[in-house]
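Asker: According to the UniProt record's numbering, the sequence shown is numbered sequentially starting from 1. Glycine included, C-beta positions come from ideal geometry on N, C-alpha and C. Keep in mind the model is a prediction, meaning the values are calculated, not measured. Please read through the structure below; I'll follow up with questions.
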Amino acid sequence: MAFAIDCVQQVLFNSLLLIFGDCRTLLMQPFCVQVERLEKDNKRRRSIIVIRFYFQHGNSRLNRARKLLLERSKWYISRLMSITPQLREFHALTAIKDIPLLPIILNPVYHCLNKYGKEDLSKLTQPLQRILESSYNDSQLHAISAAIGLRDTRKDFELSLIQGPPGTGKTRTIVAIVSGLLALSRMKKSPLNGAIRPSTTLCTNSRVKICQSAAVARAWQDAALARQLNEDAEKNCKTMAGCTRGRILICAQSNAAVDELVSRISSEGLYGSDGLMNKPYLVRVGNAKTVHPNSIPFFIDTLVDQRLAEVRMNASDIKNDLSLDSSAILRSNLEKLVDRIRFYEAKRANVRDENSDSKNLLEGEASKGEDGKEMSDGEVESKLRKLYDEKKAIYVDLGTAQAREKKTEEESKALKHKLRKSILKEAEIVVTTLSGCGGDLYGVCSQSISNHKFGNASEDTLFDAVVIDEAAQALEPATLIPLQLLKSKGTKCIMVGDPKQLPATVLSNVASKYLYQCSMFERLQRAGHPVIMLMKQVD
């Protein structure tokens, strides 16, 4: 059902609303509805929301709703909450059969027969081993070793649980784990051990070339050129798939933890195979309203805008920029023309009506006219016909300009979406919340997920590993969301948390009765999966 409303600031996609009538329908129980989509009625200058009803008591309430929800009836809306996180959790739960780590999730005891042994960093290069051994304590090295896996391990999937009480350096350990995982992925995919420079250059060149697709925004009048630029961008996206780089997904329950990880990686960098610090290609994904200001330079929207701005700054043609303002100019001209028409219509009425008061008033106005001269009835009629013709011409031009601008806006929106996908595909490290993994990022990875389901081996956009911080404070369905984005083989999941801290907040007593607040971390730990404890407090 569709509603036309005057204010939509708080009415967002997937919002849960209560709608209720006025004093004439006080006896009616409010309806609970979900916003399915938002539409705009430009002609009437109003917004339309399309909603879905949820009834607990069958057809009786449905029949009552049909009788009351009449056209032009007045209703009040109260926004309760956004149910986007819950929908993403439910979607992940329904798709659990496709998650690579499903055997461990369902049978953790069977898959943890081999306990963690002594730390073994022999899979890493000597320079990286030396810098890690000199910078981290024994328990942290044990956690790093378990997370990156043993040299002879050839499992399709691995899960590591790392418990870190407050002050034991969990975030710092995560930085080392991500460094090791990225270094390993480069070593595996590079034909020469440690020879990653050519591939890095290839990825960089690919990113620069993909940026050229933003030039489509400057070429709307040349369809052939626009198509060519898009084709070039798509070819470079395919070339990027050959880049020898791994992809790591880092997520946490809260935005605060996510932004802390972004701050740590962006400021300090990661350890490379040569033991030196380097800055990876990092992208922060999420809601712009909840992203910390320090993370904005790495935020997906910022990166998209930067690419568009770079191309526009280098473009010499400003003709299209002027055309974008044409509708505003035409509307301004139309308003002035309407004022002139009203003036001459009043003057015509004055000529035909010899009312002295009206005549004196309009004579005063005439001094403000175009030439201040008195005009005959015929001259006024001729002038009005000319102005009416100008008005019709402006309406035609305005319609054309609005159609052109609408098309340009749609194409620009499509281009931004394409750039957004390109950036997410290129990123070595993507950082977001657990729920954020089910948004844009899931959309980018969904094609690879579908390819895997239908036997296609292409998994370029999926991740080699996922690191989950605050894992002991997350609901289990929320933890499933990022696990959907892992490759089918050779993947790793590292959960870092502290079950001794407060669990996720669950308000429902029924849900609490069935241990809904228990995290996947805690459940696997109780089931006997080995956990590495960070033992030493760090300064």
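1. Bridge partners for Cys32 per DSSP, in chain order?
2. How many angstroms separate the CA atom of Leu182 from the CA atom of Arg130?
3. Please determine if the region 91–111 and the region 252–269 are in contact, where contact requires at least 3 C-beta pairs separated by less than 8 angstroms.
4. Which of the three DSSP states, helix, strand or coil, is assigned to Glu379?
5. With a threshold of 16 other CB atoms inside 10 Å of the CB of Arg218, please say whether the residue is buried or exposed.
6. Would you identify the three-state DSSP class for Arg526, choosing helix, strand or coil?
7. Three or more C-beta pairs closer than 8 angstroms, one from the region 474–489 and one from the region 87–101: is that the case here?
8. Near Thr433, what residues of its chain come up, given a Cβ to Cβ distance below 8 angstroms and the 5 sequence neighbours on each side ignored?
9. Looking at C-beta atoms only, is the number of pairs between the region 134–152 and the region 165–185 that lie closer than 8 angstroms three or more?
10. Going by DSSP, what residue range makes up the beta strand (DSSP E) through Thr491?
11. Is it buried or exposed, Val35, if we count other Cβ atoms within 10 angstroms and call 16 or more buried?
12. What separation, rounded to the nearest whole angstrom, lies between the Cα atoms of Gly149 and Thr491?
13. Do you know offhand how far Met277's Cα is from Ser266's?
14. So Val531 and Thr168 are in contact, right, with Cβ under 8 angstroms, and what is the actual spacing, rounded?
15. With a 10 Å radius around its C-beta and 16 neighbouring C-beta atoms as the bar for buried, classify Asp156 as buried or exposed.
16. Can you tell which of Val262, Thr84 and Leu303 has the C-alpha that lies nearest to the C-alpha of Asn294?
17. Determine, using beta carbons only, whether Leu441 comes closer than 8 angstroms to chain C.
18. On a Cα-Cα basis, can you pick out the residue from Ala427, Asp98, Gln163 and Ile51 that is closest to Asp498?
19. Where in the region 382–460 do unbroken runs of the alpha helix (DSSP H), each at least 4 residues long, occur, reported from the N-terminal end onward?
20. For Leu17, which residues in the same chain have their Cβ closer than 8 angstroms to its Cβ, ignoring the five residues on either side in sequence?
21. Taking the alpha-carbon positions, what's the Leu361 to Asp397 distance?
22. Give the straight-line distance between the Cα atoms of Asn14 and Leu480, rounded to the nearest whole angstrom.
23. Is DSSP giving Glu310 helix, strand or coil here?
24. Give me the Cα-Cα distance between Val506 and Leu124, rounded to the nearest whole angstrom.
25. Between the alpha carbons of Phe521 and Gln473, how many angstroms are there, rounded?
26. Look up Ile298 in the DSSP assignment and give the residues it is bridged to.
27. Can you tell me where the alpha helix (DSSP H) holding Ile96 begins and where it ends?
28. Secondary structure at Tyr281, three-state DSSP: helix, strand or coil?
29. CA-CA distance, Asn509 and Glu476?
30. To the nearest angstrom, how far is it from the Cα of Ser139 to the Cα of Met535?
31. Are Glu119 and Ser160 touching if we call contact CB-CB under 8 angstroms?
32. Might you give, ordered along the chain, the residues of its own chain that have their beta carbon closer than 6 angstroms to the beta carbon of Lys170, omitting 5 neighbours on each side?
33. Write down the C-beta distance between Leu387 and Ile341 rounded to the nearest angstrom, noting that I regard them as a contact closer than 8 angstroms.
34. Gln517 and Ala527: beta carbons closer than 8 angstroms?
35. Near Val338, what residues of its chain come up, given a Cβ to Cβ distance below 8 angstroms and the 5 sequence neighbours on each side ignored?
Answerer: Per the coordinate set shown:
1. Walking along the sequence shown from the start, residue 32 turns up at place 32. According to DSSP, which records beta bridges pairwise, Cys32 is partnered with Leu18 and Tyr54.
2. Within the sequence shown, numbered from 1, the residue matching residue 182 stands at position 182. Within the sequence shown, numbered from 1, the residue matching residue 130 stands at position 130. Each residue's Cα considered, the two are about 17 angstroms apart.
3. No: the two stretches stay apart, fewer than three of their Cβ pairs being nearer than 8 angstroms.
4. Here the question's residue 379 lines up with position 379 in the sequence shown. Three-state DSSP puts Glu379 in a helix.
5. Within the sequence shown, numbered from 1, the residue matching residue 218 stands at position 218. In this prediction, Arg218 scores a pLDDT of 39, lower than 50, which makes its location untrustworthy; the coordinate-derived value is nonetheless stated afterwards. It is buried - the Cβ of Arg218 has at least 16 other Cβ atoms within 10 Å.
6. The sequence position of residue 526 within the sequence shown is 526, counting from 1. In the structure shown, Arg526 adopts helical secondary structure according to DSSP, grouped into three states.
7. Yes, the region 474–489 touches the region 87–101.
8. Taking the sequence shown and counting its residues from 1, one reaches residue 433 at position 433. Excluding sequence neighbours, Thr433 sits near Cys251, Ala252, Gln253, Ser254, Asn255, Val258 and Gly286.
9. Cβ pair count under 8 angstroms is three or more, so yes.
10. Numbered from 1 along the sequence shown, position 491 holds the residue referred to as residue 491. Element bounds for Thr491: Thr491 to Gly497.
11. Counting from 1 along the sequence shown, the entry for residue 35 is found at position 35. Flag for Val35 reads buried.
12. Here residue 149 refers to the residue found at position 149 when the sequence shown is read from its first residue. Here residue 491 refers to the residue found at position 491 when the sequence shown is read from its first residue. Approximately 11 angstroms between the Cα atoms of the pair.
13. Locating residue 277 in the sequence shown gives position 277, counting from the first residue. Locating residue 266 in the sequence shown gives position 266, counting from the first residue. Note on geometry: alpha-carbon atoms of Met277 and Ser266 lie some 11 angstroms from one another.
14. Stepping through the sequence shown from its first residue, residue 531 is reached at position 531. Stepping through the sequence shown from its first residue, residue 168 is reached at position 168. About 13 angstroms; that fails the 8 angstroms criterion.
15. Looking up residue 156 in the sequence shown gives position 156. With fewer than 16 Cβ atoms within 10 Å of its Cβ, Asp156 is classed as exposed.
16. To locate residue 294, count along the sequence shown from 1; it is residue 294. Ranking Val262, Thr84 and Leu303 by CA distance to the CA of Asn294 puts Val262 first.
17. Although the question refers to chain C, the structure presented lacks it and comprises just one protein chain.
18. Numbered from its first residue, the sequence shown carries residue 498 at position 498. Closest option to Asp498, Cα to Cα, is Gln163.
19. Secondary structure in the region 382–460: the alpha helix (DSSP H) runs of 4 residues or longer, each lying completely within the stretch, are 440–453 in chain order.
20. Within the sequence shown, the letter at position 17 stands for residue 17. Within the same chain, and ignoring the five residues on either side of Leu17 in sequence, the residues whose Cβ sits closer than 8 angstroms to its Cβ are Val11, Cys32, Val33, Gln34, Val35, Ile51, Ile77, Ser78, Arg79 and Leu80.
21. Here residue 361 refers to the residue found at position 361 of the sequence shown. Here residue 397 refers to the residue found at position 397 of the sequence shown. Any reading at Leu361 must be qualified, since the residue scores a pLDDT of 46, below 50, and its modelled position is unreliable; the value itself is stated next. Rounded to whole angstroms, Leu361 to Asp397 spans 35 angstroms at the Cα level.
22. For the purposes of this step, residue 14 is identified with residue 14 of the sequence shown, where counting begins at 1. For the purposes of this step, residue 480 is identified with residue 480 of the sequence shown, where counting begins at 1. One Cα belongs to Asn14, the other to Leu480, and the distance between them is close to 20 angstroms.
23. In the sequence shown, the residue the question calls residue 310 occupies position 310. Assigned with DSSP and collapsed to three states, Glu310 falls in helix.
24. For the purposes of this step, residue 506 is identified with residue 506 of the sequence shown, where counting begins at 1. For the purposes of this step, residue 124 is identified with residue 124 of the sequence shown, where counting begins at 1. Spanning the alpha carbons of Val506 and Leu124 requires a straight line of approximately 42 angstroms.
25. Looking up residue 521 in the sequence shown gives position 521. Looking up residue 473 in the sequence shown gives position 473. Computed Cα separation, rounded: 9 angstroms.
26. The residue you call residue 298 lines up with position 298 of the sequence shown. Correcting the residue type first, residue 298 is Phe in the shown sequence and not Ile. The partner list for Phe298 (beta bridge, DSSP) is empty, contrary to what the question assumes.
27. The residue labelled residue 96 in the question sits at position 96 within the sequence shown. Taken as a continuous stretch (DSSP letters only), Ile96 belongs to no alpha helix (DSSP H), as it is neither H nor E.
28. Along the sequence shown, read from residue 1 onward, the residue named residue 281 stands at position 281. Assigned with DSSP and collapsed to three states, Tyr281 falls in coil, not helix or strand.
29. As a working note, residue 509 is residue 509 in the sequence shown. As a working note, residue 476 is residue 476 in the sequence shown. Their backbone Cα atoms lie some 17 angstroms apart in a straight line.
30. Working through the sequence shown from its first residue, we reach residue 139 at position 139. Working through the sequence shown from its first residue, we reach residue 535 at position 535. Going from the Cα of Ser139 to the Cα of Met535 covers about 6 angstroms.
31. Locating residue 119 in the sequence shown gives position 119, where the first residue counts as 1. Locating residue 160 in the sequence shown gives position 160, where the first residue counts as 1. Result no, Cβ atoms of Glu119 and Ser160 do not sit closer than 8 angstroms.
32. Position 170 of the sequence shown, counted from the first residue, corresponds to residue 170. The residues are Gly164 and Val496.
33. Here residue 387 refers to the residue found at position 387 of the sequence shown. Here residue 341 refers to the residue found at position 341 of the sequence shown. That belief holds up - the Cβ atoms of Leu387 and Ile341 are roughly 5 angstroms apart, short of 8 angstroms.
34. Position 517 of the sequence shown, counting from 1, holds the residue named residue 517. Position 527 of the sequence shown, counting from 1, holds the residue named residue 527. Cβ atoms of Gln517 and Ala527: not closer than 8 angstroms.
35. If you number the sequence shown from 1, residue 338 lands on position 338. Residues of the same chain with a CB within less than 8 angstroms of the CB of Val338, apart from the 5 flanking positions on each side, are Lys391 in chain order.
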